[in-house]
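Asks: Sharing a structure with you now.
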């Protein structure tokens, strides 16, 4: 019996978990390949396993490269609202046999990633707006700590 193709495996995932569209899975797969190339530089073509945190950073960098200031909009369209969603996509692909994991890998690796606004919107703000954005974020953090 043959292994299912990527598209067949994605069909199965989408039938059981329709939260994220097919494009989101393709993006995460491409971002993983991008991340593996980044972390494996200088290792003579040998790709190594990447951690959840490394993958999150690779996803961030790849999204900014591919989508620029539209990254947040694309993710919202794909129902991706936090790093946890990337973990769900990754582990859906692990469960389907598309990706591999080690014993140390878990969904929890994606729980405390980055803030989407800071990761995907802030890099495109003009310097004058970045300072105001930082002040607003500090005010919001102080207000939420006081409650």
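In this note's numbering, the protein residues as written are 253 to 399. Glycine included, every Cβ here is placed at the ideal spot set by N, Cα and C.
Would you grab the beta carbon distance between residue 335 and residue 366 for me? Rounded to a whole angstrom, and I think it's under 8 Å.
Replies: Along the chain shown, one-based indexing puts residue 335 at 83. Along the chain shown, one-based indexing puts residue 366 at 114. Sure, about 6 Å apart at Cβ, within 8 Å.
Asks: Since residue 266 and residue 274 are thought to touch, with beta carbons under 8 Å apart, how far apart are those beta carbons, to the nearest angstrom?
Replies: Here residue 266 refers to the residue found at position 14 of the chain shown. Here residue 274 refers to the residue found at position 22 of the chain shown. About 6 Å; that satisfies the 8 Å criterion.
Asks: Is there contact between the segment 338-347 and the segment 359-375, where contact requires at least three CB pairs shorter than 8 Å?
Replies: The segment 338-347 vs the segment 359-375: in contact.
Asks: Starting from residue 356, trace the alpha helix (DSSP H) both ways and give me its first and last residue.
Replies: Translated into positions along the chain shown, residue 356 becomes position 104. Premise fails: residue 356 is in no alpha helix (DSSP H) and is neither H nor E.
Asks: Should residue 269 be labelled buried (16 or more other beta-carbon atoms within 10 Å of its own) or exposed?
Replies: Here residue 269 refers to the residue found at position 17 when the chain shown is read from its first residue. Exposed, by the Cβ-count rule.
Asks: Can you tell me which of the three DSSP states residue 364 falls into?
Replies: Sequence index remark: in the chain shown, residue 364 carries index 112 (1-based). Residue 364 falls in the coil class under three-state DSSP.
Asks: In this structure, does DSSP put residue 263 in helix, strand or coil?
Replies: Taking the first residue of the chain shown as position 1, residue 263 is located at position 11. The answer is helix: DSSP assigns residue 263 an H, G or I state.
Asks: May I have the straight-line CA-CA distance separating residue 258 from residue 277, to the nearest angstrom?
Replies: As a first step, residue 258 is located in the chain shown; it is residue number 6 there, counting from the start. As a first step, residue 277 is located in the chain shown; it is residue number 25 there, counting from the start. If you take the alpha carbons of residue 258 and residue 277, they lie about 10 Å apart.
Asks: Pick helix, strand or coil for residue 341, following the three-state DSSP scheme.
Replies: For the purposes of this step, residue 341 is taken as residue 89 along the chain shown, with counting starting at 1. Three-state result, residue 341: helix.
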